[in-house]
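Undergrad:
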Amino acid sequence: DPDGARAVAESPASWLRLLLFFAAASLSGGVIPGQNVYSRLFCEAGLFSYACRDGAGGGESDDDDDACCPAQWLLLANVMNALSCIMAFSFFAAGLLFDMLGGRLAGAGGCAVNALGFVVLASLMGALEAGAATSPASETAAFVLGVLLVDVGSMVTNISFYGFLWHLPRHQALVLSLSNCVLNVAAFVPLGLRGMLDGGHGRGLADVLFIYAAAIMLVATPVCWYSVPSTDEYRSRAMEVLSLPIPARTVKGLRGAVDLVKKAWKILRQHAGLHCFTVIVGTLTWMAPFVYMTMTDPMAREVFGTAESGARLATIYNLCNGYLGLFVGPLLGVVVDRFRRPQSGVKLMGYIIVATLAVVAVLCPVPSWDLQLVSVSSSTINQISLSLFMVRYAIIF
Numbered sequence: 034d035p036d037g038a039r040a041v042a043e044s045p046a047s048w049l050r051l052l053l054f055f056a057a058a059s060l061s062g063g064v065i066p067g068q069n070v071y072s073r074l075f076c077e078a079g080l081f082s083y084a085c086r087d088g089a090g091g092g093e094s095d096d097d098d099d100a101c102c103p104a105q106w107l108l109l110a111n112v113m114n115a116l117s118c119i120m121a122f123s124f125f126a127a128g129l130l131f132d133m134l135g136g137r138l139a140g141a142g143g144c145a146v147n148a149l150g151f152v153v154l155a156s157l158m159g160a161l162e163a164g165a166a167t168s169p170a171s172e173t174a175a176f177v178l179g180v181l182l183v184d185v186g187s188m189v190t191n192i193s194f195y196g197f198l199w200h201l202p203r204h205q206a207l208v209l210s211l212s213n214c215v216l217n218v219a220a221f222v223p224l225g226l227r228g229m230l231d232g233g234h235g236r237g238l239a240d241v242l243f244i245y246a247a248a249i250m251l252v253a254t255p256v257c258w259y260s261v262p263s264t265d266e267y268r269s270r271a272m273e274v275l276s277l278p279i280p281a282r283t284v285k286g287l288r289g290a291v292d293l294v295k296k297a298w299k300i301l302r303q304h305a306g307l308h309c310f311t312v313i314v315g316t317l318t319w320m321a322p323f324v325y326m327t328m329t330d331p332m333a334r335e336v337f338g339t340a341e342s343g344a345r346l347a348t349i350y351n352l353c354n355g356y357l358g359l360f361v362g363p364l365l366g367v368v369v370d371r372f373r374r375p376q377s378g379v380k381l382m383g384y385i386i387v388a389t390l391a392v393v394a395v396l397c398p399v400p401s402w403d404l405q406l407v408s409v410s411s412s413t414i415n416q417i418s419l420s421l422f423m424v425r426y427a428i429i430f
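Going by this note's numbering, the first residue of the sequence shown is number 34, and it counts up by one from there.
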């Protein structure tokens, strides 16, 4: 239990609402977690095809069966990598929105923004499929806007898991692990979208994305509104657990956000050396899952030497990401909850991170599908463990 928390009953209704919200948050996942498959879908729809016409960075594809040229892949990978880095800072903004709006409004609003982002991407893909004339600048701007809306909305929805912390105070690590695992389970989404494209109904990527956006708006958004505790529920439950009142809103306007950042900075300065070390080590550790998440397709071509291997390894990565996130992630959360001291659970995550990182370092360049499966699985477990480590570490302080 959290230090100073009282033992209170956890109702079955809280568990049901948590599971409903997990399903809704998974449905409204972002592009970044499944970008290996999304990148190929976007590429085949003609995104950044002007890079091939310009002849920069590799010209036409060396493989007649590949719809994307090397220059197109490189440009798409660079844009996605940059967006991945930007999204690392969106967690901060999502936290501020949670404090300002409460979990319920943040969760439902995040779904709506997520759906809007997919509408932007669907409109762009529709224009490309129709052969409409678009300049490189406008094409890139529309794509960046769409991905940012999708993933920022997903992150804001994801932060609403924190609304369940006091409803399930003895299972906080499990709640946090579910929050992290949504990013993994969302990797199933592009595989489903690709299945719809391959279903033989004559749909283009634009049609599929429009259908998906409608599903998020009509299904995920109302489920989030129903399942996430309101601000009043959150405060009253925290009062029961902590025997202390918490403010209705910890952030009031822009000035409140600035004041909160100043207070957070004062706390960080008390352990500056430890935090700097953790950030540096965490950044270096993140490189293993980051490479698989962003560069699986071109990396597989280098390791195995064929274009087909890129699509195959990307699919393997997304499947491992989804299944391990669905089962291993919550299991790690349950294990961490078993430790009486939160610091002990954080140390366990550290050991797992080091072990999985060593496996990836050894097996990543080996041209064997069996060993690549082990490497991809280790990379995914590394990502899950690192995410839980960071969130648990932040809560300790």
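Just so you know, even glycine gets a beta-carbon here, dropped at the ideal spot from N, CA and C. Quick caveat, the model's predicted, so the values are computed rather than measured.
Does the distance from the CB of G196 to the CB of P255 come in under 7 Å?
TA: Within the sequence shown, the letter at position 163 stands for residue 196. Within the sequence shown, the letter at position 222 stands for residue 255. The answer is no: Cβ separation not under 7 Å.
Undergrad: Our contact map puts Y356 next to T329 with C-beta atoms below 8 Å; I'd like the distance itself, whole angstroms only.
TA: Within the sequence shown, the letter at position 323 stands for residue 356. Within the sequence shown, the letter at position 296 stands for residue 329. Contact doesn't hold; Cβ gap of about 16 Å is too wide.
Undergrad: Could you check which residue in D403, R288, I300 has the C-alpha nearest to that of F337?
TA: Here residue 337 is taken as the residue at index 304 of the sequence shown, counted from 1. Nearest of D403, R288, I300 to F337, Cα basis: D403.
Undergrad: Roughly how many angstroms lie between the CA atoms of L49 and A271, to the nearest whole one?
TA: In the sequence shown, counting from the first residue as 1, residue 49 sits at position 16. In the sequence shown, counting from the first residue as 1, residue 271 sits at position 238. If I take the Cα positions, the gap works out to 19 Å.
Undergrad: Use the C-beta contact count for A165: other C-beta atoms within 10 angstroms, 16 or more gives buried, fewer gives exposed.
TA: Translated into positions along the sequence shown, residue 165 becomes position 132. Result: exposed.
Undergrad: Nearest to N217 by alpha carbon, out of V407, V294, V395, G67?
TA: By one-based count along the sequence shown, residue 217 stands at place 184. The shortest Cα separation from N217 among V407, V294, V395, G67 belongs to G67.
Undergrad: When burial is assigned at 16 or more other CB atoms within 10 Å of the CB, is G225 buried or exposed?
TA: Residue mapping note: residue 225 aligns to position 192 of the sequence shown, counting from 1. So G225 ends up on the exposed side.
Undergrad: Just checking, does the stretch 134 to 153 make contact with the stretch 42 to 62 on the three C-beta pairs under 8 Å criterion?
TA: Yes, since at least three Cβ pairs between the stretch 134 to 153 and the stretch 42 to 62 fall closer than 8 Å, the two stretches touch.
Undergrad: Quick one: measure Cβ to Cβ for S47 and L201, integer angstroms, because I've assumed they're closer than 8 Å.
TA: By one-based count along the sequence shown, residue 47 stands at place 14. By one-based count along the sequence shown, residue 201 stands at place 168. Going by Cβ atoms, the distance from S47 to L201 rounds to 6 Å, so yes, they are a contact pair.
Undergrad: Return the chain-ordered ranges of every alpha helix (DSSP H) run that is complete within the stretch 117 to 146 and spans a minimum of 4 residues.
TA: If we require 4 residues or more, the alpha helix (DSSP H) runs fully inside the stretch 117 to 146 come out as 123 to 134.
Undergrad: Helix or strand or just coil, what does DSSP make of T167?
TA: In the sequence shown, counting from the first residue as 1, residue 167 sits at position 134. In this structure, T167 counts as coil in the three-state DSSP scheme.
Undergrad: What residue does the alpha helix (DSSP H) around P331 start on, and which one ends it?
TA: Here residue 331 refers to the residue found at position 298 of the sequence shown. Its alpha helix (DSSP H) spans residues 305 to 337.
Undergrad: Let me check understanding here. Comparing Cα to Cα, which of V215, G378, A391 lies closest to M320?
TA: Position 287 of the sequence shown, counting from 1, holds the residue named residue 320. Measuring from the Cα of M320, the nearest candidate turns out to be A391.
Undergrad: Which residues in the same chain as S411 place their Cβ atom closer than 7 Å to its Cβ, once the five residues preceding and following it in sequence are excluded?
TA: The count along the sequence shown starts at 1 and reaches residue 411 at position 378. T389, V392, V393.
Undergrad: Note down, in chain order, each residue of its chain lying with its Cβ closer than 7 Å to the Cβ of F372, except the 5 sequence neighbours on either side.
TA: For the purposes of this step, residue 372 is identified with residue 339 of the sequence shown, where counting begins at 1. Contacts found: G378.
Undergrad: Closest to A148 by C-alpha separation, out of L109, C353, V64, would be which residue?
TA: Walking along the sequence shown from the start, residue 148 turns up at place 115. Measuring from the Cα of A148, the nearest candidate turns out to be V64.
Undergrad: Which residue spans inside the stretch 238 to 271 form an unbroken alpha helix (DSSP H) run of at least 4?
TA: Those alpha helix (DSSP H) runs which fall completely within the stretch 238 to 271 and span 4+ residues are 238 to 248, 254 to 260.
Undergrad: Quick one: what does DSSP say S82 is sitting in, helix, strand or coil?
TA: One-based indexing of the sequence shown puts residue 82 at position 49. In this structure, S82 counts as coil in the three-state DSSP scheme.
Undergrad: Between which two residues does the alpha helix (DSSP H) carrying I429 extend?
TA: Start at 1 with the first residue of the sequence shown, and residue 429 comes out as number 396. Counting along the chain, the alpha helix (DSSP H) containing I429 begins and ends at 402 to 429.
Undergrad: Exposed or buried, what is A84 when buried is set at 16 or more other beta-carbons lying within 10 Å of its beta-carbon?
TA: Position 51 of the sequence shown, counting from 1, holds the residue named residue 84. So A84 ends up on the buried side.
Undergrad: Say whether the stretch 340 to 347 touches the stretch 310 to 320, bearing in mind that this needs 3 or more beta-carbon pairs closer than 8 Å, one atom from each stretch.
TA: Judged by Cβ distances under 8 Å, the stretch 340 to 347 makes no contact with the stretch 310 to 320, as fewer than three pairs qualify.
Undergrad: Determine the extent of the alpha helix (DSSP H) in which F55 is found, giving its start and end residues.
TA: In the sequence shown, residue 55 corresponds to position 22, counting from 1. Its alpha helix (DSSP H) spans residues 45 to 60.
Undergrad: How many angstroms separate the CA atom of R203 from the CA atom of V215?
TA: Taking the first residue of the sequence shown as position 1, residue 203 is located at position 170. Taking the first residue of the sequence shown as position 1, residue 215 is located at position 182. Their backbone Cα atoms lie some 21 Å apart in a straight line.
Undergrad: Do L161 and A78 have their C-beta atoms closer together than 7 Å?
TA: Locating residue 161 in the sequence shown gives position 128, counting from the first residue. Locating residue 78 in the sequence shown gives position 45, counting from the first residue. Contact flag set, yes.
Undergrad: Alpha carbons only, please: which of T167, F243, L129, L154 is nearest the one belonging to T190?
TA: Numbered from its first residue, the sequence shown carries residue 190 at position 157. Of the candidates T167, F243, L129, L154, the one whose C-alpha sits nearest the C-alpha of T190 is L129.
Undergrad: Helix, strand or coil: how does DSSP classify S156 here?
TA: Position 123 of the sequence shown holds residue 156. DSSP places S156 in helix when its eight states are reduced to three.
Undergrad: Within the continuous alpha helix (DSSP H) that includes Y356, where are the two ends?
TA: On the sequence shown, position 323 is the one that residue 356 refers to. Element bounds for Y356: 340 to 371.
Undergrad: What residue does the alpha helix (DSSP H) around Y195 start on, and which one ends it?
TA: Looking up residue 195 in the sequence shown gives position 162. Taken as a continuous stretch (DSSP letters only), Y195 belongs to no alpha helix (DSSP H), as it is neither H nor E.
Undergrad: Between V183 and G150, how many whole angstroms is the CB-CB distance? I'm expecting something under 8 Å.
TA: On the sequence shown, position 150 is the one that residue 183 refers to. On the sequence shown, position 117 is the one that residue 150 refers to. The pair is a contact, with the Cβ atoms about 3 Å apart (cut-off 8 Å).
Undergrad: Alpha carbons only, please: which of T348, S171, F131, D370 is nearest the one belonging to Y267?
TA: As a first step, residue 267 must be located in the sequence shown, where it is residue number 234. Nearest of T348, S171, F131, D370 to Y267, Cα basis: F131.
Undergrad: Using three-state DSSP, classify S453 as helix, strand or coil.
TA: This structure cannot settle anything about residue 453, because the visible part of the chain is limited to 34 through 430.
Undergrad: Taking all protein chains shown into account, decide if T316 is buried (16 or more other Cβ within 10 angstroms of its Cβ) or exposed.
TA: Within the sequence shown, numbered from 1, the residue matching residue 316 stands at position 283. With fewer than 16 other Cβ atoms within 10 Å, it is exposed.
Undergrad: Let me know the secondary structure DSSP gives H204 once reduced to three states.
TA: Residue numbering aside, residue 204 sits at position 171 when the sequence shown is read from its first letter. Helix at H204.
Undergrad: Which of helix, strand or coil does DSSP assign to A388?
TA: The residue labelled residue 388 in the question sits at position 355 within the sequence shown. Helix at A388.
Undergrad: Which residues bound the alpha helix (DSSP H) around G228?
TA: Start at 1 with the first residue of the sequence shown, and residue 228 comes out as number 195. Here the alpha helix (DSSP H) through G228 covers 221 to 230.
Undergrad: Which word fits R86, buried or exposed, when buried means at least 16 other C-beta atoms lie within 10 angstroms of its C-beta?
TA: To locate residue 86, count along the sequence shown from 1; it is residue 53. By the neighbour-count rule (16 or more Cβ atoms within 10 Å), R86 is not buried but exposed.
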